[in-house]
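Q: Counting from 1, position 17 in the sequence shown corresponds to residue 40 in our numbering; the numbering is continuous, with no gaps.
Backbone N, C-alpha and C define an ideal beta-carbon position, used for all residues, glycine too.
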Amino acid sequence: MMNSPQTPVLITGGAGYIGSHVVLALLDSGREVVVVDDLSTGRREAVPGQVPFYQGNVGNGSLIGRILTEHGCRAVMHFAGSIIVPESVERPLDYYQNNVVGSARLLRACLDNDIEKFVFSSTAAVYDGTAGGEAPMAEDAELAPANPYGRSKLMTEWMLRDIAAASNLRYAILRYFNVAGADQAGRSGQYTKAATHLIKRACQAALGVLPHMDVFGDDYPTPDGTCVRDYIHVSDLAQAHLAVLNYNGNGDRNNNGNLTLNCGYGHGFSVTQVLDMVDRVARDMLGTGPMQRRMGPRRAGDAASLIAATSRIRATLNWQPQYDDLLVVVTTAMAWEKNLMDVMKA
Ligand code: UDP
24 MMNSPQTPVL
34 ITGGAGYIGS
44 HVVLALLDSG
54 REVVVVDDLS
64 TGRREAVPGQ
74 VPFYQGNVGN
84 GSLIGRILTE
94 HGCRAVMHFA
104 GSIIVPESVE
114 RPLDYYQNNV
124 VGSARLLRAC
134 LDNDIEKFVF
144 SSTAAVYDGT
154 AGGEAPMAED
164 AELAPANPYG
174 RSKLMTEWML
184 RDIAAASNLR
194 YAILRYFNVA
204 GADQAGRSGQ
214 YTKAATHLIK
224 RACQAALGVL
234 PHMDVFGDDY
244 PTPDGTCVRD
254 YIHVSDLAQA
264 HLAVLNYNGN
274 GDRNNNGNLT
284 LNCGYGHGFS
294 VTQVLDMVDR
304 VARDMLGTGP
314 MQRRMGPRRA
324 GDAASLIAAT
334 SRIRATLNWQ
344 PQYDDLLVVV
354 TTAMAWEKNL
364 MDVMKA
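#1: Tell me the rounded alpha-carbon separation between L260 and M318.
#2: Is H220 a contact residue of the ligand UDP, with contact defined as CB to any heavy atom under 6 Å?
#3: Would you list the residues sitting across from A195 in a DSSP beta bridge?
#4: Per DSSP, which residues does Y254 bridge with? Please list them.
#5: How would you label K216, buried or exposed, when you count the other beta carbons within 10 angstroms and need 16 or more for buried?
#6: Could you tell me which residues DSSP pairs with S328 in its beta bridges?
#7: Between F102 and I196, is the Cβ-Cβ spacing less than 7 Å?
#8: Using alpha carbons as the reference points, say which of N121, G209, A323 and T35 lies closest to V238.
#9: Report the rounded CA-to-CA distance for E110 versus G291, giving the unit in angstroms.
#10: Does the Cβ-Cβ distance between A132 and G79 come in under 7 Å?
#11: Quick one: Cα of R337 to Cα of G204, how far?
#12: Starting from the C-beta of E139, find all residues in its chain whose C-beta is less than 8 Å away, skip the five residues before and the five after it, and write them out in chain order.
#13: Along the chain, where does the alpha helix (DSSP H) containing L166 start, and where does it finish?
#14: Give me the DSSP bridge partner(s) of F292.
#15: Are A218 and V301 close, meaning C-beta to C-beta below 7 Å?
#16: Confirm the yes/no value for this check: CB of N362, any heavy atom of the ligand UDP, distance under 6 Å.
#17: Among R210, A266 and S328, which has the Cα closest to the Cα of T249?
#18: Would you kindly work out how many angstroms separate the C-alpha atoms of E165 and M357, rounded to a whole number?
#19: Where does M24 fall in DSSP's three states?
#20: Exposed or buried, which one is R67 when buried takes at least 16 other CB atoms within 10 Å?
#21: What do you reckon, is the C-beta of R224 under 6 Å from a heavy atom of the ligand UDP?
#22: Quick one: using the 10 Å Cβ neighbour count with 16 as the cut-off for buried, is P168 buried or exposed?
#23: What did DSSP end up calling Y77 once you bin it into helix, strand or coil?
#24: Between the beta-carbon of R224 and the beta-carbon of L47, is there less than 7 Å?
#25: Since N341 contacts I255 with CB under 8 Å, what's their CB separation in whole angstroms?
#26: Report yes or no: do the region 118 to 126 and the region 170 to 177 share at least 3 C-beta pairs separated by less than 8 Å?
#27: Kindly give me the distance between the Cβ atoms of D135 and G88, rounded to whole angstroms, as I take these residues to be in contact under 8 Å.
#28: On the CB-based measure, 16 or more other CB atoms within 10 Å of its CB, does V32 come out buried or exposed?
#29: Check this for me: beta carbons of N269 and A187, under 7 Å apart or not?
#30: In the DSSP assignment, what residue or residues form a beta bridge with M236?
Now the structure itself:
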């Protein structure tokens with residue numbers, strides 16, 4: 024039966040940053056999981072040893088079918104995918120191949136194996152980031168992705184809606200805002216060395232892994248001129264996935280058990296505020312002075328402000344964020360980054 028703790032959940036991309044934190048959250052709650060990951064960007068060591076692990080691609084229908092049958096999975100959480108916006112502009116077909124064709128093949132295997140629930144990692148990049156000004160973005164805001172990455176995610180959302188209308192499969196589409204931080208116990212974090220994300224890079228700059236920090240534009244129509252984002256701690260995001268898994272559609276009159284939810288805290292911080300916090304954490308944790316900041320031009324495609332409207336997720340799920348505090352987000356990110364550095368030196 025669906026949602027029985029006895030039925031393992033298949034997690035694609037479970038060796039990646041967000042997927043590995045979801046694996047930990049599910050295990051901590053007593054659920055069983057199975058991971059498939061092609062290790063193109065994920066790390067084998069991000070998956071605890073007791074978890075059944077298959078190295079392979081979600082597009083490999085026979086592998087996925089075999090895993091679903093062997094483990095008796097009823098639910099699939101799909102994290103595997105390509106996620107770098109500038110790369111998606113340079114190599115769009117790779118993004119449509121990995122994210123759209125890969126998801127289509129995975130969904131075929133899910134339908135063939137009577138999967139009941141499919142949880143999909145989508146993104147705030149499906150919205151028209153320039154539309155809202157500083158207002159929080161609601162789920163029914165206009166969908167107008169600005170790059171191939173966002174379009175590949177939106178195309179998969181459309182596939183899911185059509186498939187759910189024509190089958191017993193129910194979906195949960197989770198649109199992530201800016202995910203940051205690391206497991207508080209240090210069990211996982213963001214491994215990717217060449218990460219582009221602000222908090223990861225700022226921690227690298229504070230630790231001397233990067234020589235300085237570039238600020239991409241200070242002439243935006245925001246209070247201090249730098250871009251504002253809604254940073255959600257990865258472990259709170261993982262808990263939202265667990266809550267989605269336990270959601271049974273009770274009282275849900277409108278969408279037949281399907282969900283589309285923003286994942287964020289509903290408030291934002293500017294690049295300057297984030298860098299100030301990283302300096303503070305570096306001073307307290309490492310005893311170092313402020314990082315060098317270089318003001319630079321705007322980065323192509325950046326929206327001034329992206330903040331999640333969170334009334335839907337709060338009303339729908341039994342989800343209580345534990346880490347809605349920039350100090351905690353940055354502290355866990357810094358601890359992880361420092362640990363990575365120490366491991367590399369050893
Ligand atoms: N940013 C920056 N310097 C960096 C990385 C990011 O100024 O080295 C800015 C970026 O322009 C954006 C914000 O930080 O305004 C968040 O960027 P990130 O890449 O973390 O996430 P995005 O919102 O693009 O998904």
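A: Considering the structure as presented:
#1: 31 Å
#2: yes
#3: V142 and L282
#4: N201
#5: exposed
#6: V251
#7: no
#8: A323
#9: 26 Å
#10: no
#11: 21 Å
#12: M25, R97, A98, N191, L192 and R193
#13: Neither: L166 is in no alpha helix (DSSP H) and is coded neither H nor E.
#14: R252
#15: no
#16: no
#17: S328
#18: 36 Å
#19: Confidence in M24 is poor, its pLDDT being 45 and thus under 50, which makes the residue's placement unreliable; the coordinate value appears in the next sentence. Reduced to three states, the DSSP call for M24 is coil.
#20: exposed
#21: yes
#22: buried
#23: strand
#24: no
#25: In fact, because the Cβ distance is near 17 Å, the residues do not count as touching under 8 Å.
#26: yes
#27: 6 Å
#28: buried
#29: no
#30: R316
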